[in-house]
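So the structure is just underneath, and the comments pick up after that.
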Amino acid sequence: EAGVAQSPRYKIIEKRQSVAFWCNPISGHATLYWYQQILGQGPKLLIQFQNNGVVDDSQLPKDRFSAERLKGVDSTLKIQPAKLEDSAVYLCASSQDRSSYEQYFGPGTRLTVT
Amino acid sequence: AQTVTQSQPEMSVQEAETVTLSCTYDTSENNYYLFWYKQPPSRQMILVIRQEAYKQQNATENRFSVNFQKAAKSFSLKISDSQLGDTAMYFCAFRMEYGNKLVFGAGTILRVKS
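Chains as they are written, first to last, in our numbering: chain Z, 787 to 900; chain W, 25 to 138.
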């Protein structure tokens with residue numbers, strides 16, 4: 787079974803530029819999550835999708851961050867414009883459904899904003 | 025809001041010895057789930073062990089076991105017969121019974137020395 791795929795693995799941009807991350811969850815997984823992991827901290831949930839609908843985006847900075855999962859499969863997370871404090875690892879995870887206790891994580895995208 | 029605290033930023037242990045990682049949490053819920061996740065230097069987060077709050081028996085997975093003290097809101101991870109491959113960041117996480125948003129602690133870096 788293929789795991790959660792993410793790309794790119796690394797990205798360096800200047801502040802005020804835009805960036806997009808892509809995630810392909812495990813096949814058949816209805817629930818998809820985006821986490822932000824700042825160095826020295828635990829992951830923080832940004833947004834959770836159930837199929838193509840948003841379940842929780844309470845911690846997503848909506849003035850600059852957006853995410854979509856149009857066909858209920860893969861997802862993109864965008865930052866526009868980026869700030870220095872957005873430097874972090876962005877983790878994507880998926881689970882079979884909202885009641886599943888186990889989330890499967892991708893390798894993450896390390897973003898550096900200079 | 026639920027919070028998870030890991031008070032040990034770093035730990036080290038000799039190969040083949042036993043180490044215990046600490047975690048405390050705060051919640052007013054009665055039923056919930058607790059997890060330990062491992063994040064090796066490659067960054068892919070994997071689930072180590074989980075505990076359902078309604079179960080009195082402590083969970084065990086091979087060399088990994090937990091000491092769950094519900095009244096004290098404590099959830100420690102014991103790793104027996106430590107191996108070099110156990111070197112990683114370990115995160116304690118909390119999830120309410122309904123909904124699968126994970127709340128993570130800040131993590132503990134574990135280094136296993138030969």
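By construction, the Cβ of each residue, glycine as well, lies at the ideal position given by its N, Cα and C atoms.
If the criterion is Cβ atoms closer than 7 Å, does the pair Q822(Z) and A874(Z) meet it?
Inclusion of Q822(Z) and A874(Z) in the CB contact set at 7 Å is warranted, their separation being smaller than that value.
Does the beta carbon of F115(W) sit closer than 7 Å to a beta carbon anywhere in chain Z?
Chain Z, which has a Cβ nearer than 7 Å to the Cβ of F115(W), makes this yes.
Determine, using beta carbons only, whether F128(W) comes closer than 7 Å to chain Z.
Interface residue, yes.
For the beta strand (DSSP E) containing L74(W), name the first residue and the last one.
The sequence given here has Arg at residue 74(W), not Leu. Judged by DSSP secondary structure, R74(W) falls within the beta strand (DSSP E) whose first and last residues are 70 to 76.
So which of S844(Z), H815(Z), G826(Z) has the shortest CA-CA distance to E34(W)?
Distance from the Cα of E34(W) is smallest, within the candidate group S844(Z), H815(Z), G826(Z), for G826(Z).
Need the endpoints of the beta strand (DSSP E) that Q889(Z) sits in, please.
Segment: none, Q889(Z) is in no beta strand (DSSP E) and carries neither H nor E.
For G814(Z), does the three-state DSSP call read helix, strand or coil?
Three-state DSSP puts G814(Z) in coil, outside helix and strand.
Report the neighbours of K94(W) on chain Z: residues whose CB is nearer than 7 Å to its CB, in chain order.
One finds nothing in chain Z with a Cβ atom closer than 7 Å to the Cβ of K94(W); even the nearest lies about 18 Å away.
Where T132(W) falls, given that 16 or more other Cβ within 10 Å makes a residue buried:
By the Cβ neighbour-count rule, T132(W) is buried, with 16 or more other Cβ atoms within 10 Å of its own.
At the 7 Å Cβ level, is E888(Z) part of the contact set with chain W, yes or no?
Yes, contact with chain W.
Name the chain Z residues whose beta carbon is nearer than 9 Å to that of S66(W)?
Chain Z residues near S66(W): P893.
Proximity to Y114(W) [Cα-Cα], best of F88(W), T27(W), M120(W)
When F88(W), T27(W), M120(W) are compared, the shortest CA-CA separation from Y114(W) is found for F88(W).
With 7 Å set as the bound, which would you pick, yes or no: does the beta-carbon of L754(Z) sit closer than that to a beta-carbon of chain W?
Residue 754(Z) lies beyond the range of chain Z shown here (787 to 900); nothing can be said about it.
Measuring alpha carbon to alpha carbon, tell me which residue in Y78(W), A83(W), S66(W), P65(W) is nearest V17(W).
Because chain W spans 25 through 138 in this model, residue 17(W) falls outside it and cannot be assessed.
Taking DSSP as the reference, what is the three-state secondary structure of D842(Z)?
Looking at D842(Z) - three-state DSSP - the assignment turns out to be strand.
Please classify L108(W): does DSSP put it in a helix, a strand, or coil?
In the structure shown, L108(W) adopts helical secondary structure according to DSSP, grouped into three states.
Q836(Z): first and last residue of the uninterrupted beta strand (DSSP E) it sits in:
Residues 830 to 836.
Stretch pair the segment 802 to 810 of chain Z + the segment 87 to 107 of chain W: three plus CB contacts closer than 8 Å
With a cut-off of 8 Å on Cβ pairs, the segment 802 to 810 of chain Z is not in contact with the segment 87 to 107 of chain W, counting fewer than three such pairs.
Is L870(Z) helix, strand or coil when you go by DSSP?
L870(Z): helix per DSSP, three-state reduction.
With a threshold of 16 other CB atoms inside 10 Å of the CB of Y796(Z), please say whether the residue is buried or exposed.
In this structure Y796(Z) is exposed. Its beta-carbon is surrounded by fewer than 16 other beta-carbon atoms within 10 angstroms.
Name, please, each residue of chain W whose Cβ falls closer than 8 Å to the Cβ of R884(Z).
Those within 8 Å of R884(Z) in chain W are G123, N124.
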